[in-house]
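Each residue of the sequence shown is one higher than the one before, starting from 1 at the first, in full-length UniProt numbering. The beta carbon of each residue, even a glycine, is placed where N, CA and C say it ideally should be. Comments concern the structure below.
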Amino acid sequence: MSNGSSAQGAGVLLAILRDGHARTRGELARLTGLSRSTVSQRLDGLIGQRWVLPRESAVSSGGRPATVFAFNDGARVVLTADLGATRARLAVLDLGMNVLAERAEELPVAYGPEPTLERVVTALGELLAAAGRDAAQVCGVGIGLPGPVEHGSGRPVNPPIMPGWDGFAVPEWLRARLGAPVLVDNDVNIMALGEHWAARPAVDHLLFIKMGTGIGCGIISGGRLHRGAQGAAGDVGHIRVPASEAQCRCGNTGCLEAVAGGGSMAAALREAGIEAHGSRDVVALMRAGDLHATRLVRQAGREVGAVMASIVNFFNPSLIVVGGDVAEAGEQVLAGVRETIYSRSLPLATQHLGIRVSALGERAGIVGAAVLVAEHVLAPAAIDRAVAG
1 MSNGSSAQGA
11 GVLLAILRDG
21 HARTRGELAR
31 LTGLSRSTVS
41 QRLDGLIGQR
51 WVLPRESAVS
61 SGGRPATVFA
71 FNDGARVVLT
81 ADLGATRARL
91 AVLDLGMNVL
101 AERAEELPVA
111 YGPEPTLERV
121 VTALGELLAA
131 AGRDAAQVCG
141 VGIGLPGPVE
151 HGSGRPVNPP
161 IMPGWDGFAV
171 PEWLRARLGA
181 PVLVDNDVNI
191 MALGEHWAAR
201 PAVDHLLFIK
211 MGTGIGCGII
221 SGGRLHRGAQ
231 GAAGDVGHIR
241 VPASEAQCRC
251 GNTGCLEAVA
261 GGGSMAAALR
271 EAGIEAHGSR
281 DVVALMRAGD
291 LHATRLVRQA
301 GREVGAVMAS
311 IVNFFNPSLI
321 VVGGDVAEAG
331 EQVLAGVRET
341 IYSRSLPLAT
351 QHLGIRVSAL
361 GERAGIVGAA
371 VLVAEHVLAP
381 AAIDRAVAG
């Protein structure tokens, strides 16, 4: 094949087969409107690149079994890194979003971009080897950052907790070292993508609230991630909480993050003479029965719920998912969130509203980063170009 038009339709066939159902040539022809000969040609191209695998059907009307074709989700792998303020989760996944190897480690982004990303590159190389895969099988890299990311460039923009990262060319820096396309987004956006893809695919309007060191919101609208004009949509952590003068790391006062974030709760515990360094310590203390930590977690849920009540009235989601380290507090934090959302939002907006903890937990970010890459690499036009070669 010598040009893109000669492979047109291969991407559409793959998009159909990605639903997990194997199909015959005849079924694919009916679904696409392509002739059987064209379907066969496109399938040959997809099989040649191992995107699709043929196999004999177990169902036959007699005689020779028909050949069916299925998406090969093990054809390539995705490298992912979900970077938080102090901790990172890194993984290798296949295109079925199955985790092949993963690890979590302490990795403060305050170290700066190059030291942090050098460690990411090393860790991803080790995980790739642990998964039994090599660099030739990597189709892309997905990265989540704990700060605002300009969607078009993948570069962080004035991130409050990431000194030295402003404008750093993260995609270009990583691609030069990993040799694959690199997609970068805000950490809560990839969490929303992961939760929606793996656990709530039928939910068209979903809000994912990350409660950790910082607080953010990922927005699924009409089944798609909503980033806004530049990628700043969902930055609820810097909405002002009335009657609060708490100093925020962004330079303003009274921000939700400064009132209800994991860092602020840990600081309140330290002032009370209780050792706590971050979100995970707060939750651990709450689980151990510390009443001060329990009250702080419940109140943080109320503060987040008060802000989200206005967003519920504005956006009218059908589901709110709470994730991040503080979400590990379970019903204690959910009770506070529900209390204020249900009492302050319009009855119509909350009539069928669900509020629950993330189904993926700590894996939401790495799964979402892999989804981000897969949707880019497996887009029909991209597959057409790849098959045309």
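Next item on the list: Confirm, please, whether the CB-CB distance from Arg103 to Leu90 is below 8 Å.
Entry: The residue given as residue 90 occupies position 90 in the sequence shown. The residue given as residue 103 occupies position 103 in the sequence shown. Contact: yes.
Next item on the list: Could you check what DSSP says for Phe71 in three-state terms: helix, strand or coil?
Entry: Locating residue 71 in the sequence shown gives position 71, where the first residue counts as 1. Reduced to three states, the DSSP call for Phe71 is strand.
Notebook entry, point to check: If Ser318 and Gly354 are in contact, beta carbons under 8 Å, what's the gap, nearest whole angstrom?
Noted result: If you number the sequence shown from 1, residue 318 lands on position 318. If you number the sequence shown from 1, residue 354 lands on position 354. Sure, about 7 Å apart at Cβ, within 8 Å.
Note to self: When you compare the CB positions of Asn158 and Gly231, do they come within less than 8 Å of one another, or not?
What the structure shows: Within the sequence shown, residue 158 is the residue found at index 158, counting from 1. Within the sequence shown, residue 231 is the residue found at index 231, counting from 1. Going by C-beta atoms, Asn158 is not nearer than 8 Å to Gly231.
Check: CB of Ala359 to nearest heavy atom of the ligand FMN: below 7 Å?
Finding: The ligand FMN is not among the ligands present in this structure, which contains no ligands whatsoever.
Note to self: Using C-beta distances below 8 Å, list every residue in its chain close to Asn313, excluding the 5 sequence neighbours before and after it, in chain order.
What the structure shows: As a first step, residue 313 is located in the sequence shown; it is residue number 313 there, counting from the start. Excluding residues within five positions, the ones whose Cβ falls inside 8 Å are Ser345, Leu346 and Ala349.
Checklist line | Uninterrupted beta strand (DSSP E) stretches inside the segment 204-290 (no shorter than 3 residues) | finding: Whole beta strand (DSSP E) segments, 3+ residues: 206-211, 215-221 and 224-226.
Next item on the list: Report the partner residues of Val99 according to the DSSP bridge assignment.
Entry: As a position in the sequence shown, residue 99 is number 99, starting the count at 1. Per DSSP, Leu93.
Margin query: Along the chain, where does the alpha helix (DSSP H) containing Glu56 start, and where does it finish?
Written below: The count along the sequence shown starts at 1 and reaches residue 56 at position 56. No alpha helix (DSSP H) holds Glu56; the beta strand (DSSP E) holding it covers Val52 to Glu56.
Checklist line | Cβ pair Leu360, Ala198 closer than 8 Å | finding: For this step, residue 360 is matched to residue 360 along the sequence shown. For this step, residue 198 is matched to residue 198 along the sequence shown. Yes, the Cβ-Cβ distance between Leu360 and Ala198 is below 8 Å.
Check: Which value, in whole angstroms, describes the spacing of the CA atoms of Leu95 and Ser40?
Finding: Numbered from 1 along the sequence shown, position 95 holds the residue referred to as residue 95. Numbered from 1 along the sequence shown, position 40 holds the residue referred to as residue 40. C-alpha separation (whole angstroms): 23 Å.
Margin query: Quick check on Pro159: does DSSP put it in helix, strand or coil?
Written below: Here residue 159 refers to the residue found at position 159 of the sequence shown. Coil.
Next item on the list: Quick one: residues in its chain with C-beta nearer than 7 Å to the C-beta of Thr294, no 5 flanking neighbours on either side, listed in chain order?
Entry: Numbered from 1 along the sequence shown, position 294 holds the residue referred to as residue 294. Answer for Thr294: Met286 and Gln332, listed in chain order.
Check: Thinking C-alpha only, which one of Ile215, Ala202, Trp165 and Gly9 is nearest Ser279?
Finding: As a working note, residue 279 is residue 279 in the sequence shown. Minimum Cα distance to Ser279 is reached at Ile215.
Check: Shorter than 8 Å from the beta carbon of Leu34 to some beta carbon of chain E?
Finding: Protein chain content of the structure displayed is limited to a single chain, and chain E is not contained in it.
Checklist line | Segments assigned alpha helix (DSSP H), at least 4 residues, entirely inside the segment 323-361 | finding: 331-344 and 347-350
Checklist line | Coil, strand or helix - Thr19 by DSSP | finding: Within the sequence shown, the letter at position 19 stands for residue 19. Rather than Thr, the amino acid found at residue 19 in this sequence is Asp. Reduced to three states, the DSSP call for Asp19 is coil.
Margin query: Going by DSSP, what residue range makes up the alpha helix (DSSP H) through Leu46?
Written below: Translated into positions along the sequence shown, residue 46 becomes position 46. That run of the alpha helix (DSSP H) goes Arg36 to Gly48.
Next item on the list: Would you please state the rounded distance, in angstroms, between the beta carbons of Val188 and His196? I believe it to be under 8 Å.
Entry: Within the sequence shown, residue 188 is the residue found at index 188, counting from 1. Within the sequence shown, residue 196 is the residue found at index 196, counting from 1. In fact, because the Cβ distance is near 12 Å, the residues do not count as touching under 8 Å.
Next item on the list: Determine the DSSP secondary structure at Arg200, reduced to helix, strand or coil.
Entry: The residue labelled residue 200 in the question sits at position 200 within the sequence shown. Looking at Arg200 - three-state DSSP - the assignment turns out to be coil, as it is neither helix nor strand.
Checklist line | Same chain, Cβ closer than 6 Å to Ile239, five either side skipped, listed in chain order | finding: Here residue 239 is taken as the residue at index 239 of the sequence shown, counted from 1. Counting only Cβ-Cβ distances below 6 Å, and skipping sequence neighbours, we find Leu256 and Val307.
Notebook entry, point to check: Quick one: what's got a C-beta closer than 8 Å to Arg36's C-beta in the same chain, skipping five residues either side?
Noted result: For the purposes of this step, residue 36 is taken as residue 36 along the sequence shown, with counting starting at 1. Excluding sequence neighbours, Arg36 sits near Arg25, Gly26 and Ala29.
Item checked: Inter-residue spacing [alpha-carbon to alpha-carbon] between Val92 and Leu128 -> Taking the sequence shown and counting its residues from 1, one reaches residue 92 at position 92. Taking the sequence shown and counting its residues from 1, one reaches residue 128 at position 128. Those two C-alpha atoms are separated by around 6 Å.
Item checked: Beta-carbon proximity check, Met209 vs Ile320, cutoff 8 Å -> Here residue 209 refers to the residue found at position 209 when the sequence shown is read from its first residue. Here residue 320 refers to the residue found at position 320 when the sequence shown is read from its first residue. It is worth fixing the name first, because residue 209 is Ile in this sequence and not Met. Taking 8 Å as the Cβ cut-off, Ile209 and Ile320 qualify as a contacting pair.
Item checked: Ala70 versus Ile47: straight-line alpha-carbon distance, rounded -> As a working mapping, residue 70 is identified with position 70 in the sequence shown. As a working mapping, residue 47 is identified with position 47 in the sequence shown. Their backbone Cα atoms lie some 10 Å apart in a straight line.
Next item on the list: Return the chain-ordered ranges of every alpha helix (DSSP H) run that is complete within the segment 123-151 and spans a minimum of 4 residues.
Entry: At a cut-off of 4 residues, not a single continuous stretch assigned as alpha helix (DSSP H) sits fully inside the segment 123-151.
Check: What's the C-alpha gap between Leu296 and Asp19?
Finding: Position 296 of the sequence shown, counted from the first residue, corresponds to residue 296. Position 19 of the sequence shown, counted from the first residue, corresponds to residue 19. Approximately 44 Å between the Cα atoms of the pair.
Item checked: Within 8 Å, strictly: CB atoms of Cys217 and Val236 -> Within the sequence shown, residue 217 is the residue found at index 217, counting from 1. Within the sequence shown, residue 236 is the residue found at index 236, counting from 1. For Cys217 and Val236, yes; Cβs fall inside 8 Å.
Next item on the list: Would you kindly report the start and end of the unbroken alpha helix (DSSP H) that includes Val170?
Entry: Position 170 of the sequence shown, counted from the first residue, corresponds to residue 170. Val170 to Leu178 is the extent of the alpha helix (DSSP H) around Val170.
Margin query: Please report the distance separating the alpha-carbon of Gly9 from that of Ala266.
Written below: As a working mapping, residue 9 is identified with position 9 in the sequence shown. As a working mapping, residue 266 is identified with position 266 in the sequence shown. Going from the Cα of Gly9 to the Cα of Ala266 covers about 55 Å.
Note to self: Spatial neighbours of Met1 within its chain, please: C-beta separation below 8 Å, excluding the five flanking residues on both sides.
What the structure shows: To locate residue 1, count along the sequence shown from 1; it is residue 1. Caution applies to Met1, whose pLDDT of 35 falls short of 50 and renders its modelled position unreliable; the value that the coordinates give is listed next. Cβ within range, chain order: Ala7, Gly45, Val387, Ala388 and Gly389.
Check: Nearest to Asp166 by CA position, among Arg177, Gly305 and Pro146, is which residue?
Finding: Along the sequence shown, one-based indexing puts residue 166 at 166. For Asp166, the nearest C-alpha among the options comes from Pro146.
Next item on the list: Could you tell me whether the Cβ atoms of Met211 and Val322 are closer together than 8 Å?
Entry: Along the sequence shown, one-based indexing puts residue 211 at 211. Along the sequence shown, one-based indexing puts residue 322 at 322. Contact flag set, yes.
Next item on the list: Could you spell out the range, first to last residue, of the beta strand (DSSP E) harbouring Leu31?
Entry: Here the question's residue 31 lines up with position 31 in the sequence shown. Counting along the chain, Leu31 falls outside any beta strand (DSSP E), though it belongs to the alpha helix (DSSP H) covering Arg25 to Thr32.
Check: Which word fits Thr86, buried or exposed, when buried means at least 16 other C-beta atoms lie within 10 angstroms of its C-beta?
Finding: Within the sequence shown, residue 86 is the residue found at index 86, counting from 1. Under this definition Thr86 is a buried residue.
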